[in-house]
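Take the sequence shown: its letter number 69 is residue 202 in the working numbering, and every next letter is one higher. Think of the CB as a built atom: it goes at the ideal place given N, C-alpha and C, for glycine as much as any other residue.
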Amino acid sequence: MINNFYKKRTAALKFIVSVCTCILMVMGSTKVHAQAPLPSLPSTDTVRVIQIVQSKNLRQKQIDSATSVETAAGSVIMKEGTTTFYCDSVIINRKTNLVEAFGNIHINNNDSIHTYASYLKYLAVDRTAFLKKNVRLTDKKGTLYTDELEYNLRTNIGIYKNGGRIVNENTVLTSANGVYYADTKDVYFKKNVRLTDPKYDIVSDSLLFNTQTQVATSLRLHGSKVKTEL
């Protein structure tokens, strides 16, 4: 009888040990799965890096303990995706993604829009270019001339606020302010607008002109519009 008692107790202990072992295995497995990192999703906005592909003189310069810049001079060529930058010299701060370029600036954006200037300040984070001195932008349909231009290479929108002029074949348009939409070939002129053409001489406070269709729309008060095909 005593032997039966010990046999039953031994069997019970084995059962308890088995149950505890299973519980520990399940808990351990759960812990491992909980700690395993989830797969990261690919970023929807690819970060573009400006690369210096050509220069006669390339240096790394330490500004302070936390800031260093790259400087390049002599027939400099830089690439950012499908955009190519040309200049005489450049300073690049990799930490802030700020680019300052000097002399004979030429931006070739996807072989469709070409911009020229003497000075460029470029914020690579949002792809905004601030150009100064002898600025010229051409899209093969018309050419914009101004002394200062803010141009976003992502949206293909250019803005001038200190006077500008667009030449489209025999048509010349001037204004104090203007917004250029490269994708639609529209230019919105505002303040002291004048359009001169062999057939027309139009003065307006605001005017919309398409360099591809050569249709000018004079925007008047109370929402009325007058279209003129040149």
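Legend entry - Rounded straight-line distance, which links the Cα of T217 to that of F324: A small fix is needed here, since residue 324 is Lys in this sequence, not Phe. In a straight line, the C-alpha of K324 is about 34 Å away from that of T217.
Legend entry - Residue from I196, S208, V300, T279 whose Cα sits closest to the Cα of G291: Selected option, being the one with the closest Cα: T279.
Legend entry - CB of I252 within 8 Å of CB of L270, strictly: Reading the sequence as shown, one finds Tyr at residue 252 and not Ile. No; because the gap between Cβ atoms is not below 8 Å, this pair is not in contact.
Legend entry - Classification of A199 by the beta-carbon crowding that lies within 10 angstroms, buried from 16 upward: Here A199 is exposed, its C-beta having fewer than 16 other C-beta atoms within 10 Å.
Inset, instruction - Please report how far the alpha carbon of T248 lies from the alpha carbon of F263, in whole angstroms. - result: 11 Å
Legend entry - Own chain residues within Cβ distance below 6 Å of T215, not counting five before or after: N243
Inset, instruction - Using the Cα positions of G275 and D319, report the straight-line distance between them to the nearest angstrom. - result: Spanning the two alpha carbons is a distance of roughly 11 Å.
Inset, instruction - Would you grab the beta carbon distance between T304 and L328 for me? Rounded to a whole angstrom, and I think it's under 8 Å. - result: 7 Å
Inset, instruction - Taking R192 and A257 to be in contact with their CB atoms under 8 Å, please state how far apart those CB atoms are, rounded to whole angstroms. - result: Actually they do not touch by this definition, with Cβ atoms about 20 Å apart.
Inset, instruction - Could you pull out every residue in the same chain whose Cβ sits closer than 8 Å to the Cβ of Y314, ignoring the five residues on either side in sequence? - result: N289, I290, V320, Y321
Legend entry - Three-state class that DSSP yields for Q345 in the structure shown: coil
Legend entry - 6 Å CB neighbourhood of Q187 in its chain, flanking five on each side removed: I210
Inset, instruction - Decide if T344 is buried, meaning its Cβ has at least 16 other Cβ atoms within 10 Å, or exposed. - result: buried
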